[in-house]
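Residue numbers (full-length UniProt numbering): 1 to 850.
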């Protein structure tokens, strides 16, 4: 092709300056050039890097693989590698012998993963890393827990005992989902290292953004601005890495300023099969790793049956991250010796592949024979290494038989030192007041309505908004944006970091927030007034996210795991869009504590309200959150002085729909002042952001005030409760429409309107007090959502429990529907008119039966 033939093989040629194959020589014979290039690029390691648009980075990689003799290991390094391979292999063999019929998703066929991970950790520790956050699927997890994280073997073996019951809180999870946090000495570097393997569900790759969020948070709180102390490692399967969209979403966070972890090392366990599906029908790309090319991450493909090649690639990957602070991918090309799990028969669907696998010699046998042949170890030394680890396993197995109970808390992946007692319990059970001093309110209000930088020209529309805020502050009032400002600003004063993330949150989807001001005359010059509140305040982070829900919500969930003393909020652009992140909500947020004993105080802000904007911009689907709330509808909780805080402690999450700015501020502050952490779901308003009646006085936030789980009627009906004919219970925005309609009909004395601000846990005690107060009145639940949506199915049985099934709970609202809202404005208004008419027709339910 180049006009060369065999006669040219011994001719010397000038080497180009871009190559490193010369090893100090500037010319080489063609025969030697070909040999060296084949050694570099045609062996057990394949590289993809020429797509990277940075010459220095490409040259760095070429130097690592072209330099002659660079893939050399000392005898000591080879013995360490062999010992690690022994542990990895014999651990799987031990489990197979003791629990042959148990699912464990073993690592057979990719045993080299364990020495690979340990090599990455060793090299990273050498570079200064002292904390590694890891995420992985089920395959090989027990082996990683045992031989990388170094979880006690007897505690792992206990998980196989079907007779042991859990003694602490929660329902637990299967053993191959569990996580672990462990601090130990890295024996290779003699440095402290903290390893955290995140617990996760079976939903493949769902843990990816969670790991990244937690790593980012640890870097943030430690001031590790370049990722020199904290890093993340993600282990993937080949089919999931190519198939799951959250992988792409997570990659696209990797270099965003508020989300970067300064480089993640990705390790793909490439079994060349997905359960029973061949790669040729599982992906359209040549390799499972092609998704990584979108962020210019180099990809190293390596034969997993060549342990030394794997170790070298792992070292290079670690050095790449240390040098360039960018993601890198290691593709371990291996196989799965058995089926998807140990009970599965792979020959049904891949007969020829598994005939070959059954003939394949184990990597430990291959490598031990190689080292024995090289004289690095003797056969006796190798057999002693095997016997030593087998003995460790047997002793741990014997010890596991002495265990009487399972402690889920021993598998906690994100401990919070000093936040709980030594037993993991709250240090108190009190629900404190959340009000603020007048001077604090005034100071925050003044900052919220001004620009703290000189010569900073803001948009005239923003200037008008700030003047409006100033007028509110002057009159000791607040709208929704100011209420939020009060919550954030007061927590920052107390040293609580606040982070608000989501699509367009800096301005706010509805242009009400404006937490980031933009200079109209200097490009990219911005100002965050909330970071100018106090001299010694905590930092405020507000960041527009990528246009992703799944990846970003998972990231913020992980961020919230790192520190209980931080307010972490994710806001959906509209509440309707949270279902793109349904996996994070269902598998992590609603049930994470029950499965993994893991508190989390993340807050979801979900704009919600029926305002004629159609089926995709109206509903945050409150019915779904309430369906997953675990309080018992048929049992009135035991009432005592700690009723409110005990309810919050026992729930899986808190669901609120505040109708006033002050109550919104209170519930955000309560989230931090509680002695434990629960996820908080807030259905936030849209039209109320500027509604003239949706205002609060500074008095509603004064010292001695607190969040109101229920707001009773405060008008004439409350003065003469015995004469009230109907009590309408509702929540959220619909209250203002009901109040307006009641006034039009002059029914303030006949109809009471009571607002549920906290829907779950259900305020049984307060609802009972209202029902007893208006003993002669009909009880009505009114909602603007359709009957099969919203809150009705949740509140109705609980209302019946409150009244001991002695009264009806009448429904007022839209009828059942398939879509959350109509797309026709006229239909929307007609529906609203119908249910408002019913709400104030005092004879509407006469003669009717439930």
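Beta carbons: idealized from backbone N, C-alpha and C, even for Gly.
Computed from a predicted structure; not experimentally measured.
Host alpha helix (DSSP H) of residue i (start-end)
i: residue 828; result: 825 to 839
i: residue 596; result: 592 to 596
i: residue 153; result: 153 to 158
i: residue 619; result: Counting along the chain, residue 619 falls outside any alpha helix (DSSP H), and DSSP gives it neither H nor E.
i: residue 314; result: 307 to 324
i: residue 374; result: 363 to 374
i: residue 351; result: 351 to 359
i: residue 743; result: 734 to 744
Alpha-carbon spacing of residue i relative to residue j, whole angstroms
i: residue 300; j: residue 625; result: 43 angstroms
i: residue 226; j: residue 762; result: 45 angstroms
i: residue 130; j: residue 229; result: 5 angstroms
i: residue 32; j: residue 26; result: 13 angstroms
i: residue 340; j: residue 275; result: 5 angstroms
i: residue 253; j: residue 246; result: 11 angstroms
i: residue 364; j: residue 86; result: 7 angstroms
i: residue 296; j: residue 269; result: 21 angstroms
i: residue 78; j: residue 108; result: 21 angstroms
i: residue 184; j: residue 152; result: 13 angstroms
i: residue 606; j: residue 613; result: 15 angstroms
i: residue 122; j: residue 18; result: 31 angstroms
i: residue 187; j: residue 375; result: 25 angstroms
i: residue 844; j: residue 589; result: 41 angstroms
i: residue 511; j: residue 738; result: 27 angstroms
i: residue 735; j: residue 660; result: 11 angstroms
i: residue 786; j: residue 819; result: 9 angstroms
i: residue 698; j: residue 642; result: 28 angstroms
i: residue 500; j: residue 70; result: 47 angstroms
i: residue 98; j: residue 413; result: 27 angstroms
i: residue 679; j: residue 630; result: 13 angstroms
i: residue 730; j: residue 417; result: 41 angstroms
i: residue 50; j: residue 323; result: 18 angstroms
i: residue 474; j: residue 693; result: 17 angstroms
i: residue 509; j: residue 673; result: 28 angstroms
Where residue i sits in the DSSP three-state scheme
i: residue 392; result: helix
i: residue 783; result: strand
i: residue 845; result: coil
i: residue 67; result: coil
i: residue 791; result: coil
i: residue 338; result: coil
i: residue 729; result: strand
i: residue 520; result: coil
Close-in-space but distant-in-sequence residues of the same chain around residue i (CB under 8 angstroms, 5 per side omitted)
i: residue 345; result: 339
i: residue 389; result: 86, 87, 90 and 91
Bounding residues of the beta strand (DSSP E) (the contiguous stretch that carries residue i)
i: residue 331; result: 328 to 333
i: residue 811; result: 809 to 814
i: residue 451; result: That residue, residue 451, is in no beta strand (DSSP E); it is neither H nor E in DSSP.
i: residue 509; result: Here residue 509 belongs to no beta strand (DSSP E), and DSSP marks it neither H nor E.
i: residue 570; result: 566 to 571
i: residue 231; result: 230 to 237
i: residue 501; result: 497 to 502
i: residue 48; result: 45 to 48
Sequence-distant residues of its chain with Cβ nearer than 6 angstroms to residue i (five each side left out)
i: residue 68; result: 23
Any C-beta of chain B under 8 angstroms from that of residue i
i: residue 794; result: Among the chains in the structure shown there is no chain B, since it carries only a single protein chain.
Chain-order list of residues whose beta-carbon lies under 7 angstroms from that of residue i (same chain, five-residue window excluded)
i: residue 823; result: 614 and 615
i: residue 444; result: 485, 486, 489, 490 and 533
i: residue 448; result: 469, 482, 485 and 529
i: residue 303; result: 44, 309 and 333
i: residue 811; result: 781, 787 and 792
Heavy atom of the ligand FMN within 7 angstroms of residue i beta-carbon
i: residue 597; result: This structure does not include the ligand FMN; it has no bound ligands of any sort.
* Say whether the region 740 to 760 touches the region 702 to 718, bearing in mind that this needs 3 or more beta-carbon pairs closer than 8 angstroms, one atom from each stretch. => Output reads yes: the region 702 to 718 touches the region 740 to 760.
* Validate contact between the region 64 to 79 and the region 324 to 336 using beta carbons, cut 8 angstroms, 3 pairs -> No, they do not touch.
* **At least 3 beta-carbon pairs within less than 8 angstroms: the region 683 to 692 vs the region 636 to 653** => The region 683 to 692 is not in contact with the region 636 to 653.
* **the region 553 to 570 touching the region 205 to 221, judged by at least three CB pairs closer than 8 angstroms** => In short, these stretches touch, since the Cβ pair count reaches three.
* To do: Check whether the region 190 to 206 touches the region 127 to 144, counting contact only when three or more Cβ pairs, one atom from each stretch, lie closer than 8 angstroms.
  => The region 190 to 206 and the region 127 to 144 touch, with no fewer than 3 CB-CB distances between them shorter than 8 angstroms.
* Three or more C-beta pairs below 8 angstroms linking the region 111 to 127 and the region 307 to 325 -> When Cβ pairs closer than 8 angstroms are counted between the two stretches, the region 111 to 127 is seen to touch the region 307 to 325, the count reaching three or more.
* To do: Answer yes if the region 591 to 606 comes into contact with the region 636 to 646, meaning at least three C-beta pairs across the two stretches below 8 angstroms, and no otherwise.
  => Two segments are said to touch when three or more pairs of C-beta atoms, one from each, lie closer than 8 angstroms; by this definition the region 636 to 646 does not touch the region 591 to 606.
* Just checking, does the region 256 to 268 make contact with the region 351 to 363 on the three C-beta pairs under 8 angstroms criterion? -> No contact exists between the region 256 to 268 and the region 351 to 363.
* Indicate whether the contact test is met: 3 or more Cβ pairs, each with one atom in the region 394 to 411 and one in the region 144 to 164, closer than 8 angstroms. => Counting C-beta pairs closer than 8 angstroms gives three or more between the region 394 to 411 and the region 144 to 164, which meets the contact rule.
* Asked: Do the region 715 to 729 and the region 765 to 779 make contact, defined as three or more Cβ pairs closer than 8 angstroms?
  -> Taking a contact to require three or more Cβ pairs closer than 8 angstroms, the region 715 to 729 and the region 765 to 779 qualify as touching.
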